[in-house]
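Residue numbers (this note's numbering): 154 to 709. Okay, structure first, notes after.
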Ligand code: AMP
């Protein structure tokens, strides 16, 4: 099946049509009769080595692969840079070096007692090995062994999966559709199964075996959060919500789903990362709650002396590997619940919002759990008063929810609306990082940023941001961005689109300086949002256009 995978990727590389991609994948899926191969095939196509709920991680960035190539071929840095500069990404760079330098025959440690991979299962064993190695030096040596012993097309496939650079533009939605076509299953059922498992591989296998309907929701398999669309016009909000308009404070924190069963508590972010270890104080509190099993939706916020604190304190808590207890004491956080998704053995997503809220309050009011503040309003005056109150209390604005709406996981629909009065900042992704000047010369501190095109297939550049980041953040981003480099530039790198920033700005102009056709003027970084927002959720060029038109209207 490894050959089938390699061939499929080649076919996908040469088409940009979603229909053709879906057909190509569906045809391939139909040919796979071994469950484990099908599972891995579907996951790898989506750039997934381990599903989000798995504690296993690869922890191998481009930097270590570069070290391995340099060491393997005994290259000096300049020679390597020459190859790297002229390549699209690291796998193309390896391909050029591999073909130019005849690799000497070496005795392999990895393949001394196993044969060269023939199946995707064999590839997964390599990934498991890498994930089990904790030292970077050993990881580099392992990659060197792969460079010398794997045939080029297999090596490139391994590197592409490892660095998530298959570049076939495959989104989970396309693979979902292909599964539905290949195994003749209704797409809604496939999506539901995805919602329950969060694992495209498991869904493919169940679809093939005609067991898709048997997939049930399981705690500790993170699911996607329900999302809100943005609306600044109150009349529009009233029209959409009709009456009994549910207005809720919008808290500035990290969206979290908390799963609990007996003594086990796990916290997941909206991009399904497990952040349980980062918040021991919240886990401690939840473990004491008597309810046996549940899934709550809400926001983690910094909290001291019974008061919600500013978001920046929460940033100090994220991504820590050491001294977590000290950080928890210095900047304690709490969880504010606003929804319940699973209760006592049952999903409650199909209950209307007001019933879910009543359930939440009934079950947890004596536990000390905090709930979001809300009010049901029927006039614009009431709405504005409640909005003002939320601002006075330091909140970001309001979330408006349809009172009888069900919980739609992963959906940004019209049943939840966010209302903020000011010009929303943009959520963008860094695509190039360059060395700064003056005191920032030691950092990659100038970031070209991008948003999605209308179809969410390509990223379009719309500006470059130099200011707003603290030195601490610059240091952290510099380290990460070096890891994500895919191509050398004169003064920095083109990077994999991973780091997400929230950027405020003064104006937007039409411009041909960037390929997005707009230039965001005087941008400044408000904060990093990687982990809190996924790449899929950053703004689109449509949003930029809307903001541009709005600013134009205001100026006239
Ligand atoms: P944004 O991040 O600007 O797209 O706004 C949506 C986010 O607001 C959600 O993903 C939540 O993290 C956050 N949020 C804060 N308060 C609430 C609330 N009461 N209900 C739902 N989401 C909320």
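Virtual Cβ for every residue (Gly too), placed ideally from N, Cα, C.
Expressed to the nearest angstrom, what Euclidean distance is found between the alpha-carbon atoms of residue i and residue j?
{"i": "residue 446", "j": "residue 415", "result": "6 Å"}
{"i": "residue 542", "j": "residue 631", "result": "40 Å"}
{"i": "residue 227", "j": "residue 268", "result": "26 Å"}
{"i": "residue 278", "j": "residue 343", "result": "28 Å"}
{"i": "residue 425", "j": "residue 402", "result": "24 Å"}
{"i": "residue 316", "j": "residue 527", "result": "44 Å"}
{"i": "residue 363", "j": "residue 181", "result": "18 Å"}
{"i": "residue 477", "j": "residue 429", "result": "11 Å"}
{"i": "residue 691", "j": "residue 434", "result": "30 Å"}
{"i": "residue 400", "j": "residue 538", "result": "11 Å"}
{"i": "residue 358", "j": "residue 483", "result": "47 Å"}
{"i": "residue 471", "j": "residue 686", "result": "13 Å"}
{"i": "residue 695", "j": "residue 171", "result": "21 Å"}
{"i": "residue 698", "j": "residue 603", "result": "14 Å"}
{"i": "residue 299", "j": "residue 466", "result": "43 Å"}
Could you work out which residue in the options is closest to residue i when comparing CA atoms only?
{"i": "residue 347", "options": "334, 337, 369, 363", "result": "369"}
{"i": "residue 593", "options": "615, 621, 436, 467", "result": "621"}
{"i": "residue 406", "options": "611, 499, 489, 704", "result": "489"}
{"i": "residue 663", "options": "692, 702, 653", "result": "702"}
{"i": "residue 524", "options": "382, 199, 404", "result": "404"}
{"i": "residue 286", "options": "314, 681, 210", "result": "210"}
{"i": "residue 439", "options": "486, 479, 461", "result": "486"}
{"i": "residue 271", "options": "155, 162, 184, 290", "result": "155"}
{"i": "residue 328", "options": "560, 183, 399", "result": "183"}
{"i": "residue 609", "options": "324, 212, 444", "result": "324"}
{"i": "residue 638", "options": "161, 200, 584, 659", "result": "584"}
{"i": "residue 417", "options": "212, 437, 400", "result": "437"}
{"i": "residue 751", "options": "673, 649, 304, 169", "result": "Given that the chain is displayed from residue 154 to residue 709, the structure contains no residue 751 and the question cannot be resolved."}
{"i": "residue 556", "options": "275, 397, 359", "result": "397"}
{"i": "residue 216", "options": "208, 203, 230, 206", "result": "230"}
{"i": "residue 600", "options": "365, 554, 653", "result": "653"}
{"i": "residue 186", "options": "360, 282, 313, 303", "result": "360"}
{"i": "residue 158", "options": "170, 174, 169, 197", "result": "197"}
{"i": "residue 246", "options": "332, 220, 479", "result": "220"}
{"i": "residue 331", "options": "354, 314, 234, 618", "result": "354"}
{"i": "residue 473", "options": "684, 336, 384, 201", "result": "684"}
{"i": "residue 318", "options": "266, 303, 274, 241", "result": "241"}
{"i": "residue 515", "options": "208, 200, 535, 493", "result": "493"}
Following the continuous beta strand (DSSP E) through residue i, name the residue where it begins and the one where it ends.
{"i": "residue 486", "result": "486-496"}
{"i": "residue 501", "result": "Run containing residue 501: none; DSSP gives neither H nor E here."}
{"i": "residue 552", "result": "550-554"}
{"i": "residue 571", "result": "565-572"}
{"i": "residue 505", "result": "It is not in any beta strand (DSSP E) - residue 505 carries neither H nor E in the DSSP assignment."}
{"i": "residue 602", "result": "597-605"}
Can you tell me whether residue i is buried or exposed? The criterion is at least 16 other CB atoms within 10 Å of its CB, across all chains shown.
{"i": "residue 511", "result": "exposed"}
{"i": "residue 431", "result": "buried"}
{"i": "residue 533", "result": "exposed"}
{"i": "residue 408", "result": "buried"}
{"i": "residue 468", "result": "buried"}
{"i": "residue 421", "result": "buried"}
{"i": "residue 499", "result": "exposed"}
{"i": "residue 310", "result": "buried"}
{"i": "residue 177", "result": "buried"}
{"i": "residue 338", "result": "buried"}
{"i": "residue 352", "result": "buried"}
Looking at the unbroken alpha helix (DSSP H) that takes in residue i, where does it start and where does it end?
{"i": "residue 199", "result": "Note, residue 199: premise wrong, no alpha helix (DSSP H); not H, not E."}
{"i": "residue 539", "result": "533-545"}
{"i": "residue 527", "result": "Segment 527-530 is the beta strand (DSSP E) holding residue 527; no alpha helix (DSSP H) there."}
{"i": "residue 446", "result": "Unbroken run through residue 446 is the beta strand (DSSP E), 446-457; no alpha helix (DSSP H)."}
{"i": "residue 359", "result": "353-361"}
{"i": "residue 173", "result": "171-183"}
{"i": "residue 281", "result": "273-285"}
{"i": "residue 253", "result": "243-253"}
Using a Cβ-Cβ cutoff of less than 7 Å, which residues in the same chain neighbour residue i once the five nearest sequence positions on both sides are dropped?
{"i": "residue 508", "result": "none"}
{"i": "residue 588", "result": "594, 597, 644, 645"}
{"i": "residue 667", "result": "614, 615, 616"}
{"i": "residue 655", "result": "578, 580, 679, 680, 682"}
{"i": "residue 648", "result": "583, 584, 585, 586, 634, 637, 638, 639"}
{"i": "residue 530", "result": "398, 400, 536, 539"}
Leaving aside the five residues before and after residue i along the sequence, list all residues of the same chain whose C-beta is less than 6 Å from its C-beta, in chain order.
{"i": "residue 412", "result": "372, 373, 419, 448"}
{"i": "residue 563", "result": "377"}
{"i": "residue 540", "result": "551"}
{"i": "residue 453", "result": "406, 407, 409, 486, 488"}
{"i": "residue 676", "result": "616, 618, 656, 658"}
{"i": "residue 237", "result": "246, 641"}
Can you find the residues in the same chain that come closer than 8 Å, C-beta to C-beta, to residue i, ignoring five residues on each side of it along the sequence?
{"i": "residue 382", "result": "565, 566, 567, 569, 570, 571"}
{"i": "residue 188", "result": "358, 361, 362"}
Shorter than 8 Å from the beta carbon of residue i to some beta carbon of chain B?
{"i": "residue 177", "result": "The displayed structure is made up of one protein chain only, and chain B is not part of it."}
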